[in-house]
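Undergrad:
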Amino acid sequence: MIVAPSLLAANFGKLAAETRRVERAGAPWLHLDIMDGHFVPNISFGPELVRVLRPLTRMFLDVHLMCSRPEVLVEPFAKAGADQITVHVELAERVTPLLWKIKSLGKKVGLAINPPTAMSHVEPHLGQVDSLLIMTVNPGFGGQPFITETVPKIQQAAAWRQEKGLKFRIEVDGGINFQTAAECARAGADTFVSGTGLFAQSRFGAALRKMQKVVDAESAHSPARPI
Ligand code: DX5
Ligand code: ZN
Numbered sequence: 005m006i007v008a009p010s011l012l013a014a015n016f017g018k019l020a021a022e023t024r025r026v027e028r029a030g031a032p033w034l035h036l037d038i039m040d041g042h043f044v045p046n047i048s049f050g051p052e053l054v055r056v057l058r059p060l061t062r063m064f065l066d067v068h069l070m071c072s073r074p075e076v077l078v079e080p081f082a083k084a085g086a087d088q089i090t091v092h093v094e095l096a097e098r099v100t101p102l103l104w105k106i107k108s109l110g111k112k113v114g115l116a117i118n119p120p121t122a123m124s125h126v127e128p129h130l131g132q133v134d135s136l137l138i139m140t141v142n143p144g145f146g147g148q149p150f151i152t153e154t155v156p157k158i159q160q161a162a163a164w165r166q167e168k169g170l171k172f173r174i175e176v177d178g179g180i181n182f183q184t185a186a187e188c189a190r191a192g193a194d195t196f197v198s199g200t201g202l203f204a205q206s207r208f209g210a211a212l213r214k215m216q217k218v219v220d221a222e223s224a225h226s227p228a229r230p231i
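Going by this note's numbering, the first residue of the sequence shown is number 5, and it counts up by one from there.
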């Protein structure tokens, strides 16, 4: 079970210090939300930030591209030091070549799906991905409430993973707090992106440890989880 704090909820005035703080608290992954002002109505940061943060941390840098033209961004993010690069299934026929491109650059491959998009769109790609990122809010902004209707998608992903004998991670992103993390863990998620749910707590380290404990406890009880 991996908790991946999202830098989108950190203090943008001191992102290097915030990254060190997340690492000191013990997070194995750092989630980086890349927004282009077109695929989503917001802009965040680009490859230059990843390049600057890379030498500061050993955390796994999980880059989530919410971008209309990831074709021009995958290579810059790979060179900047991303460990995993995730693109959206809503890009339709462009998805397969993008997944190959990420793999050919030696990076872990992620595929994301928005709440309104049917799971049938991701199924053909599952053999090609390291992580399936199930959006539990509509992407674009941190701090939105979790959409409960996305939970069956997590269950569907877990069922497919078992049936097909695959090993991809099931990552959830958006509105993840202690309660919704537990709910997603019960449904089969194993990777939990959390921005506001962690950064809004007064003690980040304690919040991270608590979320880890909550999801570990659910995983121990879950009958759906493959060994
Ligand atoms: C939403 C982003 C998320 C976001 C989550 O567009 O993809 O990664 O940072 O933030 P919270 O946890 O605040 O919903
Ligand atoms: Zn994200």
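The beta carbon of each residue, even a glycine, is placed where N, CA and C say it ideally should be.
Should K112 and D134 be called a contact, given that it needs their Cβ atoms to be closer than 9 Å?
TA: For K112 and D134, yes; Cβs fall inside 9 Å.
Undergrad: If you reduce the DSSP assignment to three classes, tell me which class G85 lands in.
TA: In this structure, G85 counts as coil in the three-state DSSP scheme.
Undergrad: Can you have a look at P9 and say buried or exposed, based on whether 16 or more other CB atoms are within 10 angstroms of its CB?
TA: It is buried - the Cβ of P9 has at least 16 other Cβ atoms within 10 Å.
Undergrad: With respect to the alpha helix (DSSP H) encompassing M215, which residues constitute its N-terminal and C-terminal limits?
TA: Unbroken alpha helix (DSSP H) run through M215: F208 to H225.
Undergrad: Taking 8 Å as the line, does the beta carbon of P101 fall inside it for any heavy atom of the ligand ZN?
TA: For the ligand ZN, not one heavy atom lies less than 8 Å from the Cβ of P101.
Undergrad: So, for E222: in the same chain, excluding its five sequence neighbours on each side, which residues have a beta-carbon less than 7 Å away from its beta-carbon?
TA: Hits under 7 Å: A186, A189 and R190.
Undergrad: Taking DSSP's pairing of strands, which residues face W104 in a bridge?
TA: According to DSSP, W104 bridges with nothing at all.
Undergrad: When the Cα atoms are used, what is the spatial distance from E94 to N118?
TA: C-alpha separation (whole angstroms): 8 Å.
Undergrad: Buried or exposed: which applies to V76, given that a residue is buried once 16 or more other Cβ atoms fall within 10 Å of its Cβ?
TA: The residue in question, V76, is exposed, as its Cβ has fewer than 16 Cβ neighbours within 10 Å.
Undergrad: Please report how far the alpha carbon of Q216 lies from the alpha carbon of L109, in whole angstroms.
TA: Each residue's alpha carbon lies about 31 Å from the other.
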